[in-house]
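J.:
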Amino acid sequence: MKFTKKYFLFVFLVAVCSLVACSDDDSDGENNPSNNFDRSQMLNNWADNLIIPSYQNFVAETNALKSASDAFLTETNAENLANLRTAWETAYVVWQTVEMYDIGPARDLVLRSFVNTYPTNAANINSLIEEQNYNLADPNLNDEQGFPALDYLLFGLAESDAEILNRFDNDFNGEKYRQYLTDVVDRIDFLSNQVLAEWQNGYRDVFVQNSGTSANSSTNRMANVFMEFYEVRLRNGKIGFPAGVYSGGEPQPTRVEAFYKKDLSKVLAIEALQAHRAFFNGNAINADTTAESFADYLDFLDTIKNGENLSSLINDQYEVSISNINELNDSFYNQINTNNNSMLEAFEDLQDNVVFLKSDMFSALSIALEFDSGDGD
Amino acid sequence: MKNNFLTYLATPVKAAPLAVFRVLFGLLMLYTTLRFVMQGWVDKYYIEPQFHFKYWGFEFVESLGVYTYILYAIALLAALGIMLGFKYRWSALLFFLSFTYCELIDKTYYLNHYYFVSIISFLLIFLPANAYFSIDAKYDKNIAFTKLPRYNILIVQLMLSIVYFYAGLAKINSEWLLNAMPLKIWLPSRYDLPLLGDLFQLEWMHYVMSWSGMLYDISIPFLLFYKRTRVLAFILVVVFHIMTRVLFPIGIFPYVMICSTLIFFDASFHEKVIAFFKKLFRFQWKQQPAVLEWTPNLKNKALATFFILFFSFQLLFPFRYMLYPDELFWTEEGYRFSWRVMLMEKGGYVQFKVVDPSTGQWFYVENQEFLTEYQQKQMRIQADFILQFAHFLEAYYQEKGIANPEIYVNSFIALNGRLSKPYINPKTDLTKVKDTWLHKDWILPFNEKIYGF
Numbered sequence: 042m043k044f045t046k047k048y049f050l051f052v053f054l055v056a057v058c059s060l061v062a063c064s065d066d067d068s069d070g071e072n073n074p075s076n077n078f079d080r081s082q083m084l085n086n087w088a089d090n091l092i093i094p095s096y097q098n099f100v101a102e103t104n105a106l107k108s109a110s111d112a113f114l115t116e117t118n119a120e121n122l123a124n125l126r127t128a129w130e131t132a133y134v135v136w137q138t139v140e141m142y143d144i145g146p147a148r149d150l151v152l153r154s155f156v157n158t159y160p161t162n163a164a165n166i167n168s169l170i171e172e173q174n175y176n177l178a179d180p181n182l183n184d185e186q187g188f189p190a191l192d193y194l195l196f197g198l199a200e201s202d203a204e205i206l207n208r209f210d211n212d213f214n215g216e217k218y219r220q221y222l223t224d225v226v227d228r229i230d231f232l233s234n235q236v237l238a239e240w241q242n243g244y245r246d247v248f249v250q251n252s253g254t255s256a257n258s259s260t261n262r263m264a265n266v267f268m269e270f271y272e273v274r275l276r277n278g279k280i281g282f283p284a285g286v287y288s289g290g291e292p293q294p295t296r297v298e299a300f301y302k303k304d305l306s307k308v309l310a311i312e313a314l315q316a317h318r319a320f321f322n323g324n325a326i327n328a329d330t331t332a333e334s335f336a337d338y339l340d341f342l343d344t345i346k347n348g349e350n351l352s353s354l355i356n357d358q359y360e361v362s363i364s365n366i367n368e369l370n371d372s373f374y375n376q377i378n379t380n381n382n383s384m385l386e387a388f389e390d391l392q393d394n395v396v397f398l399k400s401d402m403f404s405a406l407s408i409a410l411e412f413d414s415g416d417g418d
Numbered sequence: 055m056k057n058n059f060l061t062y063l064a065t066p067v068k069a070a071p072l073a074v075f076r077v078l079f080g081l082l083m084l085y086t087t088l089r090f091v092m093q094g095w096v097d098k099y100y101i102e103p104q105f106h107f108k109y110w111g112f113e114f115v116e117s118l119g120v121y122t123y124i125l126y127a128i129a130l131l132a133a134l135g136i137m138l139g140f141k142y143r144w145s146a147l148l149f150f151l152s153f154t155y156c157e158l159i160d161k162t163y164y165l166n167h168y169y170f171v172s173i174i175s176f177l178l179i180f181l182p183a184n185a186y187f188s189i190d191a192k193y194d195k196n197i198a199f200t201k202l203p204r205y206n207i208l209i210v211q212l213m214l215s216i217v218y219f220y221a222g223l224a225k226i227n228s229e230w231l232l233n234a235m236p237l238k239i240w241l242p243s244r245y246d247l248p249l250l251g252d253l254f255q256l257e258w259m260h261y262v263m264s265w266s267g268m269l270y271d272i273s274i275p276f277l278l279f280y281k282r283t284r285v286l287a288f289i290l291v292v293v294f295h296i297m298t299r300v301l302f303p304i305g306i307f308p309y310v311m312i313c314s315t316l317i318f319f320d321a322s323f324h325e326k327v328i329a330f331f332k333k334l335f336r337f338q339w340k341q342q343p344a345v346l347e348w349t350p351n352l353k354n355k356a357l358a359t360f361f362i363l364f365f366s367f368q369l370l371f372p373f374r375y376m377l378y379p380d381e382l383f384w385t386e387e388g389y390r391f392s393w394r395v396m397l398m399e400k401g402g403y404v405q406f407k408v409v410d411p412s413t414g415q416w417f418y419v420e421n422q423e424f425l426t427e428y429q430q431k432q433m434r435i436q437a438d439f440i441l442q443f444a445h446f447l448e449a450y451y452q453e454k455g456i457a458n459p460e461i462y463v464n465s466f467i468a469l470n471g472r473l474s475k476p477y478i479n480p481k482t483d484l485t486k487v488k489d490t491w492l493h494k495d496w497i498l499p500f501n502e503k504i505y506g507f
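Chains A and B, in that order, give the protein sequences.
In this text, residue positions in the first sequence follow our numbering: the first is 42, and each later residue adds one.
In this text, residue positions in the second sequence follow our numbering: the first is 55, and each later residue adds one.
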C-alpha cells in the first residue's frame, strides 16, 4: 500500500498547483461572474414583495366583496347591485395577480379551481339553488362557484337589471338566491383569507428556506407554476380555448372569462399578463422597487452566453403581446364573433414567449420542467 | 504473435475477480430494481402513460400494464440469483430479458447506464462467473473452478474500457473543450454545494471540470490496466463518480462503475474480499482447486466468434453518426447507444398542428392530453419522438373522423445556451414521413459547426 500514499500526495499536489495557477489567471478576469447569485434572496423578494402583498391586496378585495354582498342582501336595490358588481369586478381583477401562485397553501386548498373555473355551469347553479342541497367544499362543484358563478349571478340571471334584482328580492324563491350568493361570496372570502394566513404564519419561511436546487426546491416549483400559468391558464384559457385553437377551428366564444359581464375579459387577460411580467422582473407589488428575479438570474448567467440578452428578449415579447391584446375588443366574446383572426394572432404572440420562457429560460436556469423525473444520464 | 496472444487469452487465471464482480453486480441490480419499484416508477413510467415511444424495430414491445410488476419481480429474483450464483446462467438470462424488455417499452427513459446494464447482463450469460464462490459451484463440482481462462475477465474489462474511452472521445469537441458547455450551464446552478458551490460560479472552473472530465474518461482504462497506476486510477474513479453523484441525479450508476472497476485489481485483492464475505456471513466452505482449461472445441470456437462479433459491433456502432450529414448534437442521428453522456443541455418547445384538408380547418394539439411530462420533455428535443407522436395523432384523429389529417410541427430547440432555433421544418406534413435510418431531411439545418467527435 505504499504506492497509495505516494499517489495521494501526487494528486493532492497537482490539485493544489492547478488551483493556484488558475487563480492567478483569474485575477484580471473581468468577464467572470464576480459573485454568486443568491437564490434565497430571490425567494425572499418573491415572498415578501410579490406573493404576500398580492394576497393582501386580494384579501382586501374579497373582504370588500363580502361587505358589498352583505349590503346588497340587507338592502336589495339597484345602487347596491351596482356596488356589488364593482366589488366583484375589482376582486376578479386582483385575483389575476395571485392566480399564478398555485403553490403551498393555495395548492393544498385547490384555491384556483374553486375560485376561477370557467365556463361556469349555469344550469347546475340553477338546480343547486332550487334544491339547496349542496356543499361548496365538494371539488365536483368547482364550476358552480367562484368568480365565474358570481358573473352569472350578477349579470346573467336575467336580461335586465330589474329582473336580476327581482330574482334576489321576491317572496317565492328570493331567499334561495340570497343564500347561494352568500355561500359563494363567503367561500371565496374564506379561502383567500385562509391562504394569506398560511403564508403569513409559517409557509413563508418554509418557502424561503427551501432554497436548494432540487426538483422540489421553491425556485423549481415556482418556475413550473410560473410556466404553467402562462401556457395553460393565460394563453390557452383566456385566448386559445375561446378562439378555437384546440377545437378543430370552431371558435367557442362562450368559453371566455367573465362571459356574462362580457366587456371584462380583456382587462382580466391584460392584468394576468402584467402580473406575469412583474413576477418575471421581480417588481414589487405595492412599491416601486425591483429585486432579485428570474430576469436578474438570467442576466447573471448571461455572462456565459454571447449574443442577445434573453431577459430583454422576453420583456420585448411581453410588450408586443400586451399592446396587441390591448388592440382587441374589450369583450373577447365580441372579438371572436366579429374577427377571430385577431384572437389567433394574440395567441401566436403569447406563443412566441413560450419558446423564450420554456425552451431558453428553463434551459439557461437548468431547471427541470417537472418534479421527480427519475434518474438522469 | 497470434499464438502468443491466444495463449494469453486462454491462460487460466484465478476466478475470484469475476466472482466478486458477479456478487457486486447482482447486489446493485437487486437494489436498483427494488428502488425502481419503491419510487413508484413502474407505475409512473410503464403503467400510467397512454402512449409509449417505441424503439425502431422493437415496436412489438408493449407495456404489460400492471403485469409489468411481474417483470420486475423476475428481474429482482434473477438479480438475487446472479448475486448468489444460484442457477446462475438462468438468472443472468432472465435478468437480461426482463430488464431489457422494460427498457424497450419506452425510449423516453433511455439512459446510457441502463444500456450498460443490459450489455453486462447479456455478457454474463456467456461467462462462467458462477465457477467460484457461488451456490452453483458448491453443489455442482462439474462447474466449480478456481481458475478460468483469462478472456473471461478481459471481456468485462474490455467492455468497461469501451464505455469510458468512448465517453471520453465524445467529449473531444469544441462545445465541451472550447466553450465548457454544457457544464457552464449546469455547474452554476449548483451554487448551494458547500465549498464547490462558490467555485462553480467561476468560469475557469467550468473549463477545469470539462477538460479533466475528458482526460479522465479517455485515460482511465489505460491507468486501470497498468499495474503501477492502478491504485491511483481507482482513487480517481471514486473521486470522479462521487463528484458526478453529488452534481447530477444519476441514481446508482456511480456505484455500478466504482464496483465494476474493481475487476481490474489482482486476484489477491478479490480473495481478501471473498474472505471478508465468508467471515461476515460465517460461510465456511473451501473450494477445491480446479482449472477450467480452454480447448478448441466447437462450443468454445463459436463463443469466441460471438465475442469477436459482439465487440466489433460495440467498437463500430457508436461511429455510425459519421454517416449522417449535419450536426450530431442537433439531429441526434446516431446519438444513442454511443456512450455520449451529459454532453448537451437542450431545452425545447414543440407544438403540433392538425389540419383537415377537406375543410381547411386546423387546430393545435395539447400534448399533455396524451403524454406525461417526462415524455413531453424528451419529445421536445428529439426528432424521432416528434415523428412518432405525429403518427400517433394521425391515427387518433382518423378515428375521430378526419379522413386524411395533415400534421405540421412548430418546434424550437435551445442547444447549449444558444438562443432557440427552429428545429423541424414547419412545412413538412409529418403524416407523409416514415421513420427510417436515413437522414431526416425534415429537420432544419443547424447552420453552425461543432468540431470534434
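Cβ coordinates follow ideal geometry from the N, Cα and C atoms, glycine included.
Sort out for me which residues DSSP pairs Leu202 (chain B) with in a bridge.
T.: B:Val67
J.: Assign Pro283 (chain A) to one of three DSSP states: helix, strand, or coil.
T.: helix
J.: Let me check one thing: in DSSP terms, what residues is Phe466 (chain B) bridge-paired to?
T.: B:Tyr403, B:Pro476.
J.: Tell me which same chain residues have a C-beta within less than 8 Å of the C-beta of Gly414 (chain B), skipping the five on either side of it?
T.: none
J.: Give the interface partners of Phe78 (chain A) over in chain B, defined as CB-CB distance under 9 Å, in chain order.
T.: Scanning chain B for C-beta atoms nearer than 9 Å to the C-beta of Phe78 (chain A) yields Pro242, Tyr245, Gln255, reported in chain order.
J.: Cutting at 7 Å between CB atoms, please list the residues of its own chain near Asn365 (chain A), excluding the five before and the five after it.
T.: When the five nearest sequence neighbours on each side are left out, the beta carbons in the same chain lying within less than 7 Å of the beta carbon of Asn365 (chain A) are those of Glu386, Ala387, Asp390, in order along the chain.
J.: Residues in the stretch 384-401 of chain A with C-beta within 8 Å of chain B's C-beta atoms, listed in sequence order?
T.: If the cut-off is 8 Å between Cβ atoms, the stretch 384-401 of chain A has Gln392, Val395, Val396, Phe397, Lys399, Ser400, Asp401 near chain B.
J.: Buried or exposed for Ser362 (chain A), going by 16 or more other Cβ atoms inside 10 Å?
T.: buried
J.: Put Phe307 (chain B) into one of helix, strand or coil per three-state DSSP.
T.: Helix.
J.: Starting from Trp496 (chain B) and walking both ways along the beta strand (DSSP E), at which residues does that stretch end?
T.: It is not in any beta strand (DSSP E) - Trp496 (chain B) carries neither H nor E in the DSSP assignment.
J.: Could you give the C-beta distance for Pro189 (chain A) and Thr161 (chain A), rounded to a whole number, given that I count them as a contact under 8 Å?
T.: For Pro189 (chain A) against Thr161 (chain A), the beta-carbon gap comes to about 4 Å, under 8 Å, which counts as contact.
J.: Taking Cβ positions only, does Val297 (chain A) come closer than 8 Å to chain B?
T.: At a cut-off of 8 Å between C-beta atoms, Val297 (chain A) does not count as an interface residue with respect to chain B.
J.: For Thr331 (chain A), which residues does DSSP report across the bridge?
T.: A:Asn324
J.: Thinking C-alpha only, which one of A:Asn214, A:Ser334, A:Ala310, A:Phe300 is nearest Ser259 (chain A)?
T.: A:Ser334
J.: Which residues in the same chain as Ile216 (chain B) place their Cβ atom closer than 6 Å to its Cβ, once the five residues preceding and following it in sequence are excluded?
T.: Gln368
J.: Excluding the 5 residues preceding and the 5 following Tyr309 (chain B) in the sequence, name in chain order all residues of the same chain whose CB lies nearer than 7 Å to its CB.
T.: The residues are Leu82.
J.: Can you find a CB in chain B that lies within less than 8 Å of the CB of Phe44 (chain A)?
T.: Low local confidence applies: a pLDDT of 43 at Phe44 (chain A) is under 50, so the model's placement there is unreliable, and no value is given.
J.: Drop a sphere of 10 angstroms on the beta-carbon of Phe330 (chain B), count the other beta-carbons inside from all chains shown, and report buried for 16 or more, exposed for fewer.
T.: exposed
J.: Starting from the beta carbon of Ala468 (chain B), find every residue of chain A whose beta carbon is closer than 7 Å, and list them in chain order.
T.: Ser400, Asp401, Ser404
J.: So with CB distances below 8 Å, who are the chain A contacts of Phe417 (chain B)?
T.: Gly285, Val286, Tyr287, Ser288, Gly289, Gly290
J.: Could you pull out every residue in the same chain whose Cβ sits closer than 6 Å to the Cβ of Glu325 (chain B), ignoring the five residues on either side in sequence?
T.: Ala70
J.: Buried or exposed for Arg282 (chain B), please, with buried defined as at least 16 other CB atoms from any protein chain shown within 10 angstroms of its CB.
T.: exposed
J.: Can you find a C-beta in chain B that's less than 8 Å from the C-beta of Leu106 (chain A)?
T.: no
J.: Applying a beta-carbon distance threshold of less than 8 Å, which residues of chain A neighbour Lys400 (chain B)?
T.: Ser404
J.: What do you reckon, are the CB atoms on Ala112 (chain A) and Asn104 (chain A) nearer than 8 Å?
T.: no
J.: Can you list, in chain order, the stretches of the alpha helix (DSSP H) that have 4 or more residues and sit fully within the stretch 132-220 of chain A?
T.: If only complete runs of 4 or more residues are kept, the stretch 132-220 of chain A shows the alpha helix (DSSP H) at 146-149, 152-156, 163-172, 187-192, 202-209, in order along the chain.
J.: Taking its Cβ as the centre, do 16 or more other Cβ atoms sit within 10 Å of Asn166 (chain B), making it buried, or is it exposed?
T.: Here Asn166 (chain B) is buried: its Cβ has 16 or more other Cβ atoms, across all protein chains shown, within 10 Å.
J.: Per DSSP, what kind of secondary structure is Lys47 (chain A) in: helix, strand or coil?
T.: With a pLDDT of 49 at Lys47 (chain A), under the threshold of 50, the modelled position of that residue is not reliable, and the figure given next carries that caveat. Lys47 (chain A): helix per DSSP, three-state reduction.
J.: Which residues, in order along the stretch 184-218 of chain A, keep a beta-carbon less than 7 Å from a beta-carbon of chain B?
T.: Flagged: no residues at all.
J.: To the nearest angstrom, how far is the alpha carbon of Ser238 (chain B) from that of Pro248 (chain B)?
T.: The amino acid at residue 238 (chain B) is misidentified as Ser; the sequence shows Lys. Taking the straight line from one Cα to the other gives about 18 Å.
J.: Using a Cβ-Cβ distance under 8 Å, would Ala278 (chain A) count as near chain B?
T.: A small fix is needed here, since residue 278 (chain A) is Gly in this sequence, not Ala. Chain B, which has no Cβ nearer than 8 Å to the Cβ of Gly278 (chain A), makes this no.
J.: Compute the Euclidean distance between the alpha carbons of His106 (chain B) and Asn327 (chain A), then round it to the nearest angstrom.
T.: 48 Å
J.: Shorter than 8 Å from the beta carbon of Thr254 (chain A) to some beta carbon of chain B?
T.: yes
J.: Just verifying my parser: in three-state terms, what is the DSSP assignment at Gln415 (chain B)?
T.: strand
J.: Pull up the DSSP beta-bridge partners for Ile461 (chain B), would you.
T.: Bridge partners of Ile461 (chain B): B:Val408.
J.: Could you tell me which residues DSSP puts in a beta bridge with Asn227 (chain B)?
T.: B:Gly506
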